[in-house]
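In the numbering used here, the protein residues as written are 3 to 140.
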Amino acid sequence: MNFNKPVLAVTMGDPAGIGPEIAVKVFSTKALYDICAPLLIGNGMVIRQILEITGIGLSVRKVNGADDAGFLQGVIDLVEVPADHPGSFPFGEVSGPAGDLAFRIIQKAIGMAQSGEVQGVVTGPIHKEAIRKAGYPF
Numbered sequence: 003m004n005f006n007k008p009v010l011a012v013t014m015g016d017p018a019g020i021g022p023e024i025a026v027k028v029f030s031t032k033a034l035y036d037i038c039a040p041l042l043i044g045n046g047m048v049i050r051q052i053l054e055i056t057g058i059g060l061s062v063r064k065v066n067g068a069d070d071a072g073f074l075q076g077v078i079d080l081v082e083v084p085a086d087h088p089g090s091f092p093f094g095e096v097s098g099p100a101g102d103l104a105f106r107i108i109q110k111a112i113g114m115a116q117s118g119e120v121q122g123v124v125t126g127p128i129h130k131e132a133i134r135k136a137g138y139p140f
């Protein structure tokens, strides 16, 4: 599909950190859609939880990639990366499961960039210790 703006893969960051909140707040702004066609790469369970906590009135639409996305303000086009340990991301706690999910989200976004599906990657905040706890030499 030919888009007028660059398609960017935005990662949600560490699910136990501030990244998912930053992501939903950014996706709620018109300015984001003015400059790019954004795809959120992350986990729907985490994003829905953050939307509920913050009260931000966005909907989430799971897509397979850029060709499925609508890029409409008010709707987060989400490329789902499943959690191997759903519900195991207590806020503010460094953990291997959170690091594993954050790392796999980054891998997905980079793969999309390498294949040419997206023109860039914007990474949310991660925690290097959590990634190391997940077994990745980071």
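Each residue gets a CB set at the ideal place from its N, CA and C atoms; glycine is no exception.
- A distance below 8 Å between beta-carbons, with the five flanking residues on each side excluded, links Gly-46 to the following residues of its chain, in chain order: Val-62, Lys-64, Leu-80 and Glu-82.
- Taken in chain order, the complete beta strand (DSSP E) segments of 3 residues or longer contained in the stretch 92–134 are 122–124.
- In the DSSP annotation of this structure, Lys-7 is not part of any alpha helix (DSSP H), being labelled neither H nor E.
- The C-beta of Ala-85 has 16 or more other C-beta atoms within 10 Å across all chains shown, which makes the residue buried.
- DSSP, reduced to helix, strand and coil, places Gly-21 within a helical segment of the structure shown.
- Annotated as distal: Gly-15 and Ile-112, with beta-carbon spacing of 7 Å or more.
- When DSSP states are grouped into helix, strand and coil, Gly-67 belongs to the coil group.
- For the pair Thr-56 and Gln-116, the Cα-to-Cα distance works out to about 34 Å.
- Of the candidates Phe-140, Lys-135 and Gly-122, the residue whose Cα lies closest to the Cα of Ile-37 is Gly-122.
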